[in-house]
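J.: One structure coming up, written as structure tokens, with questions to follow.
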Amino acid sequence: AQTVTQSQPEMSVQEAETVTLSCTYDTSENNYYLFWYKQPPSRQMILVIRQEAYKQQNATENRFSVNFQKAAKSFSLKISDSQLGDTAMYFCAFMKASLGAQKLVFGQGTRLTINP
Amino acid sequence: NAGVMQNPRHLVRRRGQEARLRCSPMKGHSHVYWYRQLPEEGLKFMVYLQKENIIDESGMPKERFSAEFPKEGPSILRIQQVVRGDSAAYFCASSPYLQGTGELFFGEGSRLTVL
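Quick note, the sequences are listed as chains A and B, same order.
For the first sequence, my numbering assigns the number 5 to the initial residue and increments by one for each residue that follows.
For the second sequence, my numbering assigns the number 6 to the initial residue and increments by one for each residue that follows.
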């Protein structure tokens, strides 16, 4: 069974700073996807960024980028130029690559607070 | 182009009552997933359905919980004889068949409170 671990329950930074959220996972699969989801106080689950395990290049989406280390099974999220609207719970998630079955395994989450 | 629609957003039940949560997937999506989020935890997979079929219910409690996705109408997660431990946010997600991107589209969740 796959597991996802987020070792930082809470983090807090000042606006405009850069922050990195950690995530490690355990799997015997070779083909899979990794995700970071954002859950603001509204509780909507918002996809921030996705990484395919077969791609060596790290995914980026505007101010969000990941550091994917497949051998170390590490998948950290970097938020540059942080904004107040980035305040939310952030969940790392794993999904085995499989046609038709897209079952996510989530970590426990990191509560990120951006201070003005 | 509506996203995944869940209702009710909030539901309050007394112990022993039944709770029904509904989910309409995105247009064109034939696969529905239900996840449960207990307070201060990540989401946990419950069940995966296609139209008229339960494909994977490995995350569903064996008793009191059931799910369906009929040929017509929304998917329904049903919890019978609710207990306080069922208080949680229940999220529905949908995906199109063989999308290949590994991406699920989530609804806004239904928060169940059991008194």
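Don't be surprised by glycine CBs; every beta carbon is placed ideally from N, CA and C.
This one's a predicted model, so the numbers in the text were calculated from it and none came from an experiment.
(1) So which residues of chain A does residue 100 (chain B) contact, with C-beta pairs closer than 8 Å?
(2) Could you tell me whether any Cβ in chain A is nearer than 8 Å to the Cβ of residue 53 (chain B)?
(3) Rounded to whole angstroms, how far is the Cβ of residue 52 (chain B) from the Cβ of residue 92 (chain B), which I believe are closer than 8 Å?
(4) With 8 Å set as the bound, which would you pick, yes or no: does the beta-carbon of residue 91 (chain B) sit closer than that to a beta-carbon of chain A?
(5) Give me the chain B residues within the contact set of residue 68 (chain A), using Cβ-Cβ distance strictly less than 9 Å, ordered along the chain.
(6) Mind checking the region 11-42 of chain A against chain B and listing, in chain order, the residues whose C-beta falls within less than 7 Å of any C-beta there?
(7) Thinking just about the alpha-carbon of each residue, which of A:72, A:36, A:96 and A:86 is nearest to the one in residue 66 (chain A)?
(8) Could you have a look at residue 61 (chain B) and say whether DSSP puts it in helix, strand or coil?
(9) So, do the region 64-78 of chain A and the region 5-15 of chain A have three or more beta carbon pairs nearer to each other than 8 Å?
(10) Taking the alpha-carbon of residue 16 (chain B) as reference, which of B:111, B:108, B:98 and B:84 has the nearest alpha-carbon?
(11) Nearest to residue 18 (chain A) by CA position, among A:108, A:88 and A:93, is which residue?
(12) Can you look up residue 43 (chain B) in the DSSP assignment and give me helix, strand or coil?
(13) Measuring CB to CB, does residue 100 (chain A) end up less than 8 Å from residue 33 (chain A)?
(14) Is the beta carbon of residue 54 (chain B) less than 8 Å from the beta carbon of residue 72 (chain B)?
(15) Give a yes or no on whether 8 Å exceeds the smallest Cβ distance from residue 51 (chain A) to chain B.
(16) Ordered along the chain, which non-local residues of its own chain (more than five positions away) have a Cβ less than 6 Å from that of residue 19 (chain B)?
T.: Taking the structure as given:
(1) For the purposes of this step, residue 100 (chain B) is taken as residue 95 along the second sequence, with counting starting at 1. The answer, in chain order, is 106.
(2) Along the second sequence, one-based indexing puts residue 53 (chain B) at 48. Yes, contact with chain A.
(3) Translated into the one-based positions of the second sequence, residue 52 (chain B) becomes position 47. Translated into the one-based positions of the second sequence, residue 92 (chain B) becomes position 87. That belief does not hold up - the Cβ atoms of residue 52 (chain B) and residue 92 (chain B) are roughly 19 Å apart, past 8 Å.
(4) Your numbering for residue 91 (chain B) matches position 86 in the second sequence. No, its Cβ sits nowhere closer than 8 Å to a Cβ of chain A.
(5) Taking the first sequence and counting its residues from 1, the one referred to as residue 68 (chain A) is at position 64. Within chain B, no residue comes near residue 68 (chain A); the closest Cβ sits about 15 Å away, beyond 9 Å.
(6) 37
(7) Position 62 of the first sequence, counted from the start, is the residue given in the question as residue 66 (chain A). Answer by Cα proximity: A:86.
(8) Taking the first residue of the second sequence as 1, we reach residue 61 (chain B) at position 56. It is a strand residue.
(9) no
(10) On the second sequence, residue 16 (chain B) is found 11 positions in, with the first residue counted as 1. For residue 16 (chain B), the nearest C-alpha among the options comes from B:84.
(11) To locate residue 18 (chain A), count along the first sequence from 1; it is residue 14. Cα-wise, what sits closest to residue 18 (chain A) is A:88.
(12) Position 38 of the second sequence, counted from the start, is the residue given in the question as residue 43 (chain B). Residue 43 (chain B) falls in the coil class under three-state DSSP.
(13) To locate residue 100 (chain A), count along the first sequence from 1; it is residue 96. To locate residue 33 (chain A), count along the first sequence from 1; it is residue 29. In this structure, residue 33 (chain A) lies closer than 8 Å to residue 100 (chain A) by Cβ.
(14) Working through the second sequence from its first residue, we reach residue 54 (chain B) at position 49. Working through the second sequence from its first residue, we reach residue 72 (chain B) at position 67. Taking 8 Å as the Cβ cut-off, residue 54 (chain B) and residue 72 (chain B) qualify as a contacting pair.
(15) What you label residue 51 (chain A) is simply residue 47 of the first sequence in a count that begins at 1. So yes, residue 51 (chain A) belongs to the interface.
(16) As a first step, residue 19 (chain B) is located in the second sequence; it is residue number 14 there, counting from the start. These residues qualify, in order along the chain: 120.
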